[in-house]
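Enquirer:
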Amino acid sequence: MYQIVTDSCCDIPFQFLDEAGIAFLPMLVEVNGKEYEDDLGKTFDVDFFYQALKDKQMPTTSQINVGRYLEFFEPYVKAEIPVIYLAFSSGMSGSYYSALQAVDLLKEEYPNAQIAVVDTLAASLGQGLLVLGAKKQQDAGHSFAEVVAWVENQKMLLQSWVTVDDLKHLERGGRISKSEAALGGLLKVKPIIHVDENGKLQNVDKVRGRNKSLQKIIDETLQHLTSRENQIVYIAYSGDVSAAETVLSAIVEEISIEDIACLPLGPTIAAHTGLGCVAIFTFGKNRNEK
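Residue numbering for the sequence shown follows the numbering used here, beginning at 270 and increasing consecutively.
1. Whose C-alpha, out of ALA391, ILE520, VAL400 and LYS457, is nearest the C-alpha of ASN467?
2. Assuming PRO536 is part of the alpha helix (DSSP H), what are its boundary residues?
3. Taking Cβ positions, are ASP474 and ILE501 nearer each other than 7 Å?
4. Check each candidate in ASN555, TYR271 and ASN557 and name the one with the smallest Cα separation from HIS411.
5. Please say whether VAL315 and TYR305 have beta carbons closer to each other than 7 Å?
6. Roughly how many angstroms separate the alpha carbons of ALA403 and VAL420, rounded to a whole number?
7. Could you tell me the boundaries of the alpha helix (DSSP H) in which ILE520 lies?
8. Nearest CA to the CA of PHE550: which residue from PHE283, PHE285, LEU534 and THR329?
9. Between the alpha carbons of SER496 and ASP324, how many angstroms are there, rounded?
10. Three Cβ pairs or more, each shorter than 8 Å: is that satisfied between the segment 366-383 and the segment 279-292?
11. Opposite TRP419 in the DSSP bridges: which residues?
12. The alpha helix (DSSP H) spanning ILE487 covers which residue range?
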């Protein structure tokens with residue numbers, strides 16, 4: 270038997286992961302000078318976090334360092350339990366590389382340690398889709414190597430289309446300039462963002478108005494499907510549940526659904542998007558296709 274693990278950037282609620290037997294390592298979020306663990310709702314007060322965003326506070330996040338990975342992985346290594354770790358995109362964080370360093374250090378003491386660190390090249394429920402899919406593969410009896418191969422293949426088929434309503438957070442993260450944020454706010458310009466083949470956020474378009482931005486990510490999602498039958502669609506949102514439900518209803522009218530979910534963004538991701546983010550995650554065309 271082997272253990273599937275991930276981190277809290279997957280945005281799958283704690284209860285879901287707990288019931289599935291998937292372990293995770295929390296990211297760290299700082300709000301108003303105090304540090305908290307993003308434990309996917311197990312103890313962290315998400316309502317408190319979203320109120321902080323409404324109060325115009327700017328939470329910050331910290332990547333997982335080598336020491337925390339060592340503490341997380343070592344009990345599995347000592348128990349001789351192989352681990353598949355599905356990590357937050359290396360294109361958005363250095364945590365993936367810290368995990369690799371931790372594994373190298375562990376193998377100096379435990380040469381037979383079996384830990385596969387997989388860069389999902391994804392975030393939020395995109396990462397979550399891969400985590401849950403890997404667990405289904407495990408439950409179906411697939412081997413350690415087969416599950417790793419499945420994730421490596423499926424991650425390139427993952428489509429992530431995002432729009433945000435609050436440009437200040439993109440400005441702080443260096444995604445747009447201060448002048449672009451100011452002008453965009455005045456003109457009600459909304460960016461359209463895609464996670465590319467390197468797991469990086471790319472501003473691929475911009476439209477004027479909230480409704481147009483929501484329709485644009487719906488259109489892009491549908492255009493990048495390879496089939497409209499039996500699709501898996503996960504929608505994440507930060508604060509604006511009505512917008513997310515509007516997106517969900519529009520997609521359901523267009524395609525047949527095998528599995529669909531509409532869940533709030535966790536604090537680690539929402540700290541970088543601000544309020545009003547809506548993101549759609551599906552499997553479709555290969556991300557390497559232009």
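Quick reminder that beta carbons are idealized off the backbone N, C-alpha and C, glycines included.
Expert: So, from the listed chains and residues:
1. ALA391
2. 536-542
3. no
4. TYR271
5. no
6. 7 Å
7. 510-523
8. LEU534
9. 43 Å
10. no
11. TRP419 is not bridged to any residue.
12. 479-492
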